[in-house]
Amino acid sequence: MRVATWNVNSIRTRYGRVIDWLLREDIDVLAMQEIKCKPEQFPREAFEEAGYELAIHGLNQWNGVAFASRLPLDDVEIGFPGQPGFLKGVDGPDLPQEARALGVTVNGIRLWSLYVPNGRALGDPHLAYKLDWLRVLADDTRQWLADEPTLPLALMGDWNVAPLDSDVGDPSFVPGISTHISPEERAAFAAFETVGLTDVVRPLVPTGYTFWDYKQLRFPRNEGLRIDFIMGSPAFAELVTDAAIHRDERKGDAPSDHVPVVVDLSVDAEDEDYDRPMVLS
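Each residue of the sequence shown is one higher than the one before, counting from 5 in our numbering.
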């Protein structure tokens, strides 16, 4: 069973590239981030014709997460319990939630597609939101694993954190000035290891970036960031047999600024009869 995550940076712009890659690389399940559309705007027919069913959570032209799967998507869940909201210039509880988290179960494996808030700038309210968002998700993850210690669980997506200095090749990211690399953000990322998850890709792919800005020739100069991760529970990590960062997807016409991250699992992905694709909003 081959599982992947990809910040596609507007699925309506890039669905042809995404579907071509899905078929060429024999992907069973893809978690997508930054789809930038509502469910009714998603190019679902093209995915269905390629043999994929969908779960989609998008509210407007920003953010948005989705799954495409050749296997049935069960237990679809929009957002995690207590997920913080955000509204610029407004504090307090009950702020509107953004479309940043979507959970599904495939073949008994619990998967989440996550688009972690960017943070914007040190001292910005969006950074406080980002840290709170990660804190609540880590607390939920701890509870999920306490309730089901043998649960194969993976949190996948664009984490907007470069946890190690070796994950930073973009010279515009400066310690003490930039987000993504601050001690607070790195500590928030490390908290997921404390609650029992591990980066299942790094042991197999120790180097390599997953994001290159469109500006300043960042990709030709290989001045990127490693900010897209698959963090797995012990039961999920035991299933991983191989992993890859598909750098070449940053090339060509109209690429996303992110590339896919893929893991192979020692789980049979056999076709089953199931109902038409599920789309949620």
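Quick reminder that beta carbons are idealized off the backbone N, C-alpha and C, glycines included.
- Taken atom to atom, the span from the alpha-carbon of Ala258 to that of Arg74 is near 26 Å.
- When the Cα atoms are used, Ile23 and Arg139 turn out to be separated by approximately 34 Å.
- Per DSSP, Trp25 lies in no beta strand (DSSP E); the unbroken alpha helix (DSSP H) holding it starts and ends at Ile15 to Arg28.
- With respect to Val199, Ile234 sits apart: the two C-beta atoms are not nearer than 8 Å.
- Phe71 has Ala35 and Ala59 as its beta-bridge partners, per DSSP.
- Taking Leu26 as the centre and dropping the five residues before and after it, the same chain places the C-beta of Leu34, Ala54, Tyr56 and Ala72 closer than 8 Å to its C-beta, in chain order.
- As DSSP reads the structure, Glu81 sits in a beta bridge with Gly107.
- By the criterion of a C-beta distance shorter than 6 Å, Val120 is surrounded in its chain by Trp163 and Asn164, once the five residues flanking it on both sides are discounted.
- Taken through DSSP and simplified to helix, strand or coil, Ala166 comes out as coil.
- If you compare the alpha carbons of Thr145, Asn67 and Ser186 with that of Pro167, the shortest gap goes to Ser186.
- DSSP places Phe215 in the strand class (E or B) of the three-state scheme.
- For the options Asp136, Asp232 and Gln220, the alpha carbon positioned closest to that of Ala195 is the one of Asp136.
- Gln37 is classed as buried because its beta carbon has at least 16 other beta carbons within 10 Å across all chains shown.
- The beta carbon of Ala241 is closer than 6 Å to those of Thr202 and Val204 in its chain, skipping five residues each way along the sequence.
- DSSP places Thr145 in the uninterrupted alpha helix (DSSP H) bounded by Pro129 to Asp151.
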